[in-house]
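Participant:
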Amino acid sequence: MKQLLFVISMLVVTFASAQTTKTKMTNAPMVLTTFDTIKLLAPDTLGGKPLMQAILHRKSDRQFDTRNLSLKHLSEILWVANGINRTNGKRTVPSAMGLYPLQTYAVLANGIYFYNPKKHQLEPVVKGDYRSLAGKQTFVDTAPLNLLFIAKARNANDNFQMAMMDSGFCGQNVYLYCASEGLKCVVRAGAKEVELLKAMNLGENYKFILAQTVGY
Ligand SMILES: Cc1cc2nc3c(=O)[nH]c(=O)nc-3n(C[C@H](O)[C@H](O)[C@H](O)COP(=O)(O)O)c2cc1C
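All the letters of the sequence shown, read from the start, carry residue numbers 2 to 217 under the numbering used here.
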């Protein structure tokens, strides 16, 4: 009997320690040594605070630590911002007429990445620290993540009105996620638009719509 109790207690300790290690690992700041595709983690859809708590704490912040986000946080931010949440390919955010004109980019310290919602991964666009082009406020230069919501024109007369409206939903999802996870963020209408699109090699049919700085 004593032996059985010992085995059970060892199993409990091992399980608890594995869970702690897992938590520590998933919340550890990312170390980006290469500029490659970043395979994002599946979102923890059972995690987070109750919605009403997240709404209660939603706010804009303008002071950020330089510490990198964890892969878990980065993954879930991209998913809430513009990820796919149904088997029919539709997203975590609504889109006028289901057109999804917005593309989401992540400006990290080592480069700019394109978010591919189908593969739930970040794909390298341009290597280098381009954070200062992602905004006009100083915190943008050192924050670990600046999201960019960029629209591709649907036709020659596209005034990007639908894309602008869509971007509000992306921003609000990220705001609520941040409030739930104890992260800081702020949406920003300002960026060094012309230089930014040039650096990203995006042609005239693309328009910067909204940015969002995220960090600790
Ligand atoms: C479309 C839009 C654009 C914004 N642009 C900026 C910006 O460029 N820089 C900034 O610091 N805050 C920006 N904000 C954040 C607002 O200043 C902020 O939401 C407002 O002061 C209310 O504060 P709160 O978000 O903490 O409730 C923007 C908000 C919205 C909705």
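Note that the Cβ used here is the ideal one computed from N, Cα and C, for glycine as well. Since we're looking at a predicted model, the values are computed, not measured.
Can you find the residues in the same chain that come closer than 6 Å, C-beta to C-beta, to Trp80, ignoring five residues on each side of it along the sequence?
Facilitator: In the sequence shown, counting from the first residue as 1, residue 80 sits at position 79. So the list reads Pro44, once near-sequence residues are dropped.
Participant: So does the region 175-193 actually touch the region 119-127, counting three or more Cβ pairs closer than 8 Å?
Facilitator: Result no; under three Cβ-Cβ pairs closer than 8 Å.
Participant: In terms of residues, what are the limits of the alpha helix (DSSP H) holding Ile85?
Facilitator: Translated into the one-based positions of the sequence shown, residue 85 becomes position 84. Element bounds for Ile85: n/a, residue is neither H nor E.
Participant: With a threshold of 7 Å (Cβ to nearest heavy atom), would Gly129 be considered close to ligand 1?
Facilitator: As a first step, residue 129 must be located in the sequence shown, where it is residue number 128. Checking every heavy atom of ligand 1 against the Cβ of Gly129, none is found closer than 7 Å.
Participant: When the distance is taken between beta carbons, is Tyr217 closer than 8 Å to Phe65?
Facilitator: Translated into the one-based positions of the sequence shown, residue 65 becomes position 64. Translated into the one-based positions of the sequence shown, residue 217 becomes position 216. Against a cut-off of 8 Å, the Cβ pair of Tyr217 and Phe65 comes out as a contact.
Participant: With burial defined as no fewer than 16 other Cβ atoms inside 10 Å of the residue's Cβ, what is the status of Ser61: buried or exposed?
Facilitator: Taking the first residue of the sequence shown as position 1, residue 61 is located at position 60. Burial call: exposed.
Participant: Ignore the nearest five residues each way along the sequence and tell me which others in Pro102's own chain have a CB closer than 7 Å to its CB.
Facilitator: Counting from one through the sequence shown, the residue named residue 102 turns up at place 101. Excluding residues within five positions, the ones whose Cβ falls inside 7 Å are Ala152, Lys153, Arg155, Met163, Ala164 and Asp167.
Participant: To the nearest angstrom, how far is the alpha carbon of Gly99 from that of Lys91?
Facilitator: As a position in the sequence shown, residue 99 is number 98, starting the count at 1. As a position in the sequence shown, residue 91 is number 90, starting the count at 1. Looking at the two C-alpha atoms, the distance is approximately 8 Å.
Participant: Is the number of C-beta pairs between the region 204-211 and the region 113-120 that are closer than 8 Å three or more?
Facilitator: With a cut-off of 8 Å, the region 113-120 and the region 204-211 do not count as touching, because too few Cβ pairs lie within range.
Participant: Rounded to the nearest angstrom, what separates Leu33 and Val141 at their Cα positions?
Facilitator: Position 32 of the sequence shown, counted from the first residue, corresponds to residue 33. Position 140 of the sequence shown, counted from the first residue, corresponds to residue 141. Rounded to whole angstroms, Leu33 to Val141 spans 19 Å at the Cα level.
Participant: With DSSP collapsed to three states, give me the class of Arg132.
Facilitator: Counting from 1 along the sequence shown, the entry for residue 132 is found at position 131. Three-state DSSP puts Arg132 in a helix.
Participant: For the beta strand (DSSP E) containing Gly216, name the first residue and the last one.
Facilitator: Along the sequence shown, read from residue 1 onward, the residue named residue 216 stands at position 215. Element bounds for Gly216: Tyr207 to Gly216.
Participant: Cβ atoms of Gln122 and Leu198: under 8 Å apart, would you say?
Facilitator: Within the sequence shown, residue 198 is the residue found at index 197, counting from 1. Within the sequence shown, residue 122 is the residue found at index 121, counting from 1. In this structure, Gln122 does not lie closer than 8 Å to Leu198 by Cβ.
Participant: Between Leu70 and Lys193, what straight-line distance do the alpha-carbon atoms span, to the nearest angstrom?
Facilitator: Here residue 70 is taken as the residue at index 69 of the sequence shown, counted from 1. Here residue 193 is taken as the residue at index 192 of the sequence shown, counted from 1. Near 24 Å, if we compare the C-alpha coordinates of Lys193 and Leu70.
Participant: Could you give the C-beta distance for Ala219 and Ala135, rounded to a whole number, given that I count them as a contact under 8 Å?
Facilitator: No information on residue 219 is available, as it lies outside the stretch 2 to 217 that the chain covers here.
Participant: What distance in whole Å lies between the Cβ atoms of Ala180 and His58, which are believed to be in contact at a cut-off of 8 Å?
Facilitator: Mapped onto the sequence shown, residue 58 falls at position 57. Mapped onto the sequence shown, residue 180 falls at position 179. Right, the Cβ-Cβ distance comes to about 4 Å (below 8 Å), so this counts as a contact.
Participant: Taking the beta strand (DSSP E) that Tyr101 falls in, what are its first and last residues?
Facilitator: For the purposes of this step, residue 101 is taken as the residue at position 100 of the sequence shown. Note, Tyr101: premise wrong, no beta strand (DSSP E); not H, not E.
Participant: Out of curiosity, what's the CA-to-CA distance linking Lys23 and Ala29?
Facilitator: For this step, residue 23 is matched to residue 22 along the sequence shown. For this step, residue 29 is matched to residue 28 along the sequence shown. The pLDDT assigned to Lys23 is 45, lower than 50, so where the model puts this residue is not dependable; a value taken from the coordinates is nonetheless given after this. C-alpha separation (whole angstroms): 10 Å.
Participant: Identify, in the order they occur along the chain, each residue of the same chain with its Cβ nearer than 7 Å to the Cβ of Asn86, setting aside the five sequence neighbours on each side.
Facilitator: Here the question's residue 86 lines up with position 85 in the sequence shown. Result list for Asn86: Arg92 and Thr93, in chain order.
Participant: What is the rounded straight-line gap between the Cα of Arg68 and the Cα of Asn158?
Facilitator: The residue labelled residue 68 in the question sits at position 67 within the sequence shown. The residue labelled residue 158 in the question sits at position 157 within the sequence shown. The alpha-carbon atoms of Arg68 and Asn158 are separated by roughly 42 Å.
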